[in-house]
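Student: The structure is given below, and queries will be raised subsequently.
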C-alpha cells in the first residue's frame, strides 16, 4: 500500500485524498505527509463502510427473538408462598379439584386454572372434613381430533389463520387463508408463516389451526371452463348513485365478484364498492332493465309535415256539400210552406166545409210535393231538376224554385271559397315553417362544432345520444342551448341540458381542487360545459383537424387529464396516400373502447369558426368509427 502511494504524484495523491473523503491539510505539505493523510482517509472510509454494512444486515434480519431457556424452579430462590403457587400451577385442573375437595371446600364446575389455584390455597389454609370426589367424565375424542392433538404443526406444514380477536386487529386480511410454516422455535409464539410478514409477525398455537375442509367448492365446472363460485347475494350489475368509487353518477357496471375480506364488491374495470353502502352509494340493477333492448332513439330529421287538427281536405269538402244540400232542402220546404195557394178549378169548388177541406188537402199536397222536390235535388245535385215523385202535368211555382236554387248556389259558393282560402293559408304556413327549418339546418351545418357532428352521426346510426344512463339525461350545453350561431336546432331530440350558473357554482370547487385554471370560464360561456362533459363521461375522444385550432379543444384535453379519464386523439386529415388513415383510426378507437371499458363517450374538438370544414370531415370520420364499433 505504501509503495503504491509512494509511486503516485502529488496531484494524484490530492485527488485520491479528495475521493476518500478526507480534508487537505493546511500549509506546505511534503509528499510523505500527503501519503499519511491519504492512508488515514482511506482507513476511515473503510471503517464507515463496514459500520454501514453491519447496520444494513441487522435491519435486514429484523428483531431477533431470544432463544427460549428451560425453566428451573429448583435453583431459583423463592419464598414459601411463591413455591406453593408454582407447585399448584404445575398440577392439572382435575388434580386441583381433588385437592380442594380433600380439604372440605366446594369446587365449581368449568372454572379457570387461576381461580382453582386461589381456591386451593384458601382450602389449604382452612382445612375441613373431606368431601367425596367427583366422577370424572371421560369424553371420547374422534379419530381426527386424536390425530390433530398428536401431530403438532411444525416447519413445512400448511396451516390456516384462525378468526381470533388478535388476528382481527392485526391481520384481518389473513383470516381464513392458508400459509406454510417457515420457522418453529417452540416458544409461546413459535411460528413464522411464509408470505405474511416473515420478519414481523409471530403466531401462537391458538392463532393457527390445521386447514378446515371447505364447505363450498372454490371453483365449479361449467362445461370445459372453470369459473369462481358466485356468492348468493352478489348482484349482477350495480347503478352508481353518486360520483364516488372512481365512477360517475348514473353509471351501470357489472359485478365480477367480492374481495378477500368479503366487504367490497369488485366491479368491471377494477373499481370496488363497499357492501355497506348499498342503497346510499349504489343500488342493484336487474338484468331485465339492463339487458333489455335500448329505448328507440329519435327519428332522423326529415322534411316538415303539415299536421292538421281535423279531417283531410277531401273529407271537409264532402261534409260541406252534404251540409249545403241539407240547407237547400230546408229552405225549399220553408218557401213551399209560405207560398200562396194556386186557384182551384171551378168544377171542384164546393160551398161550406167541402171547400175548406179541399183547400187544406191542396196545401198539404203542395208541401209534400215541394219536400219531395228538395230531396230529389239533394240526391241529384241539380237544383232545377224536377222531383222524382212529381207528376208531369202538375203545376209548380217557378219563381220560388228559382229563388231557392239561387240562394243555395250562393251559399255553396261562399262555403267553397272559405274552404279554399283556409286550405291556401295552411299550405302557405307549412311552406314558411319548412323554409325556416331549412335555414336553421343550413346555419347549424355551417357553424356547428365537432360535438354536434358527433351527435348527428350517433343519431343517424340509432345510438343513444346525450344520456348518462337510461333514466338520466346528460350532455351539457351552454345556458339557453346555444352554439356559435344561436339556438341548437335538435337540442331536445339529442337530450341536451343547459348548464345553469347555480349548477356550475356547485361543481366549480371540485375543478379548482384539481388545479385547473378556471379564469377562462368567466370569459368563455362554452368552457363550463366542457368541464362538466369530461366529468360525467367514461372517456374523451378528441377529433383534431390537420392544423391546430385555438379554442376550447385544449381545455377539454386538460380537463380529461386532470380527471384521469381515458383519452384518445384522432385526426380527420386525408393523409398522404397509401392506406386509409380512417382504418387505423377505427382500429385504435375500437381497441381503446374495449380496453378502457368506455360506457359514456365524450367527444371533444374545435368549432367551425376555428377550423373551417371540421363539421363535415369529423362527421364522416365519426360515422366510420361508430359503425366499426357497432359491427364488433
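Residue numbers (our numbering): 2 to 633.
Backbone N, C-alpha and C define an ideal beta-carbon position, used for all residues, glycine too.
Pick from 165, 204, 188: whose alpha carbon is nearest that of residue 182?
Tutor: On the chain shown, position 181 is the one that residue 182 refers to. Taking only the C-alpha atoms, the option nearest residue 182 is 204.
Student: What did DSSP end up calling residue 554 once you bin it into helix, strand or coil?
Tutor: For this step, residue 554 is matched to residue 553 along the chain shown. Of the three classes helix, strand and coil, the one that applies to residue 554 here is helix, per DSSP.
Student: With 16 other CB atoms within 10 Å as the buried threshold, where does residue 540 fall?
Tutor: Mapped onto the chain shown, residue 540 falls at position 539. Residue 540 is buried by the Cβ-count criterion.
Student: What's the call for residue 134, buried or exposed, on a 16-neighbour Cβ count within 10 Å?
Tutor: The count along the chain shown starts at 1 and reaches residue 134 at position 133. Exposed is the call here.
Student: Taking residue 258 as part of the beta strand (DSSP E), name the residues at either end of that continuous run.
Tutor: The count along the chain shown starts at 1 and reaches residue 258 at position 257. Run containing residue 258: 253-259, per the beta strand (DSSP E) assignment.
Student: Does the segment 504-521 come close enough to the segment 486-495 that 3 or more CB-CB pairs lie under 8 Å?
Tutor: Cβ pair count under 8 Å is below three, so no.
Student: What is the DSSP secondary structure of residue 247, counted as helix, strand or coil?
Tutor: In the chain shown, counting from the first residue as 1, residue 247 sits at position 246. Coil, per DSSP.
Student: What is the rounded straight-line gap between the Cα of residue 601 and the Cα of residue 152?
Tutor: Position 600 of the chain shown, counted from the first residue, corresponds to residue 601. Position 151 of the chain shown, counted from the first residue, corresponds to residue 152. Going by the C-alpha atoms only, they are around 59 Å apart.
Student: Between the beta-carbon of residue 573 and the beta-carbon of residue 611, is there less than 8 Å?
Tutor: On the chain shown, position 572 is the one that residue 573 refers to. On the chain shown, position 610 is the one that residue 611 refers to. No; because the gap between Cβ atoms is not below 8 Å, this pair is not in contact.
Student: Kindly identify the DSSP beta-bridge partner or partners of residue 204.
Tutor: In the chain shown, counting from the first residue as 1, residue 204 sits at position 203. DSSP output for residue 204 lists 192 as bridge partner(s).
Student: Can you tell me whether residue 279 is helix, strand or coil according to DSSP?
Tutor: For the purposes of this step, residue 279 is taken as the residue at position 278 of the chain shown. Looking at residue 279 - three-state DSSP - the assignment turns out to be strand.
Student: I want to know whether the segment 406-424 touches the segment 319-333 - three or more CB-CB distances under 8 Å.
Tutor: Counting Cβ pairs under 8 Å, three or more are found: they touch.
Student: Less than 6 Å between C-beta atoms, sequence neighbours within five positions excluded: which residues of the same chain meet that for residue 413?
Tutor: On the chain shown, residue 413 is found 412 positions in, with the first residue counted as 1. So the qualifying residues of the chain are 325.
Student: Taking the CB atoms as reference points, tell me whether residue 604 and residue 455 lie closer together than 8 Å.
Tutor: Mapped onto the chain shown, residue 604 falls at position 603. Mapped onto the chain shown, residue 455 falls at position 454. Contact flag set, yes.
Student: Pair every Cβ in the segment 95-106 with every Cβ in the segment 69-87, then say whether three or more of these pairs are closer than 8 Å.
Tutor: Touching, no, given that fewer than three Cβ pairs across the two stretches are closer than 8 Å.
Student: Going by DSSP, name the residue or residues bridged to residue 284.
Tutor: Here residue 284 refers to the residue found at position 283 of the chain shown. DSSP lists 240 as partners of residue 284.
Student: Can residue 566 and residue 592 be called in contact, C-beta distance under 8 Å?
Tutor: Position 565 of the chain shown holds residue 566. Position 591 of the chain shown holds residue 592. Result no, Cβ atoms of residue 566 and residue 592 do not sit closer than 8 Å.
Student: Would you identify the three-state DSSP class for residue 211, choosing helix, strand or coil?
Tutor: Within the chain shown, numbered from 1, the residue matching residue 211 stands at position 210. If DSSP states are grouped into helix, strand and coil, residue 211 belongs with coil.
Student: Rounded to whole angstroms, what is the Cα-Cα separation between residue 536 and residue 622?
Tutor: In the chain shown, residue 536 corresponds to position 535, counting from 1. In the chain shown, residue 622 corresponds to position 621, counting from 1. Rounded to whole angstroms, residue 536 to residue 622 spans 24 Å at the Cα level.
Student: Please classify residue 50 as buried or exposed, where buried requires at least 16 neighbouring CB atoms within 10 angstroms.
Tutor: Working through the chain shown from its first residue, we reach residue 50 at position 49. Looking at its Cβ environment, which holds fewer than 16 other Cβ atoms inside 10 Å, residue 50 is exposed.
Student: Return the residue from the list 461, 530, 505 that minimises the CA-CA distance to residue 484.
Tutor: Taking the chain shown and counting its residues from 1, the one referred to as residue 484 is at position 483. Residue 530 is the option with its Cα nearest to residue 484.
Student: How long is the line joining the alpha carbons of residue 68 and residue 197, rounded to whole angstroms?
Tutor: Within the chain shown, residue 68 is the residue found at index 67, counting from 1. Within the chain shown, residue 197 is the residue found at index 196, counting from 1. Answer to the nearest angstrom: the Cα atoms are 22 Å apart.
Student: Once you ignore the five residues that flank residue 393 on each side, which residues in its own chain have a CB closer than 8 Å to its CB?
Tutor: The residue labelled residue 393 in the question sits at position 392 within the chain shown. With a pLDDT of 46 at residue 393, under the threshold of 50, the modelled position of that residue is not reliable, and no figure is offered here.
Student: Once the 5 residues before and after residue 521 are set aside, which same chain residues still bring their CB inside 8 Å of it?
Tutor: As a first step, residue 521 must be located in the chain shown, where it is residue number 520. 528, 556.
Student: For residue 183, does the three-state DSSP call read helix, strand or coil?
Tutor: Counting from one through the chain shown, the residue named residue 183 turns up at place 182. Three-state DSSP puts residue 183 in a strand.
Student: Kindly indicate which three-state DSSP category residue 477 falls into: helix, strand or coil?
Tutor: For the purposes of this step, residue 477 is taken as the residue at position 476 of the chain shown. Here residue 477 sits in strand by DSSP.
Student: Ignoring anything shorter than 4 residues or poking outside the segment 76-153, list the alpha helix (DSSP H) runs there in chain order.
Tutor: The qualifying runs are 81-90, 94-103, 114-126, 144-151.
Student: Out of 597, 584, 563, state which residue places its alpha-carbon closest to the alpha-carbon of residue 569.
Tutor: Counted from its first residue, the chain shown places residue 569 at position 568. Comparing Cα-Cα distances from residue 569 to each of 597, 584, 563, the minimum goes to 597.
Student: Does the Cβ of residue 26 have 16 or more other Cβ atoms within 10 Å, making it buried, or fewer, making it exposed?
Tutor: Position 25 of the chain shown holds residue 26. With fewer than 16 other Cβ atoms within 10 Å, it is exposed.
Student: Roughly how many angstroms separate the alpha carbons of residue 399 and residue 327, rounded to a whole number?
Tutor: By one-based count along the chain shown, residue 399 stands at place 398. By one-based count along the chain shown, residue 327 stands at place 326. So the alpha carbons of these two residues sit roughly 21 Å apart.
Student: Mind checking which residues open and close the alpha helix (DSSP H) that includes residue 510?
Tutor: Along the chain shown, one-based indexing puts residue 510 at 509. 502-514 is the extent of the alpha helix (DSSP H) around residue 510.
Student: Ignore the nearest five residues each way along the sequence and tell me which others in residue 516's own chain have a CB closer than 7 Å to its CB.
Tutor: On the chain shown, position 515 is the one that residue 516 refers to. Within the same chain, residue 516 has close Cβ partners 563.
Student: In the DSSP assignment, the alpha helix (DSSP H) including residue 616 goes from what residue to what residue?
Tutor: Position 615 of the chain shown, counting from 1, holds the residue named residue 616. Its alpha helix (DSSP H) spans residues 615-632.
Student: Under the three-state reduction of DSSP, which class applies to residue 498: helix, strand or coil?
Tutor: Position 497 of the chain shown, counted from the start, is the residue given in the question as residue 498. Strand at residue 498.
Student: Quick test of your reading: residue 184 and residue 192, contact by CB under 8 Å. State the CB separation rounded to the nearest angstrom.
Tutor: Position 183 of the chain shown, counted from the first residue, corresponds to residue 184. Position 191 of the chain shown, counted from the first residue, corresponds to residue 192. 7 Å between Cβ atoms; contact.
Student: Write down the C-beta distance between residue 280 and residue 267 rounded to the nearest angstrom, noting that I regard them as a contact closer than 8 Å.
Tutor: Translated into positions along the chain shown, residue 280 becomes position 279. Translated into positions along the chain shown, residue 267 becomes position 266. Actually they are not in contact, since the Cβ atoms of residue 280 and residue 267 sit about 19 Å apart, beyond 8 Å.
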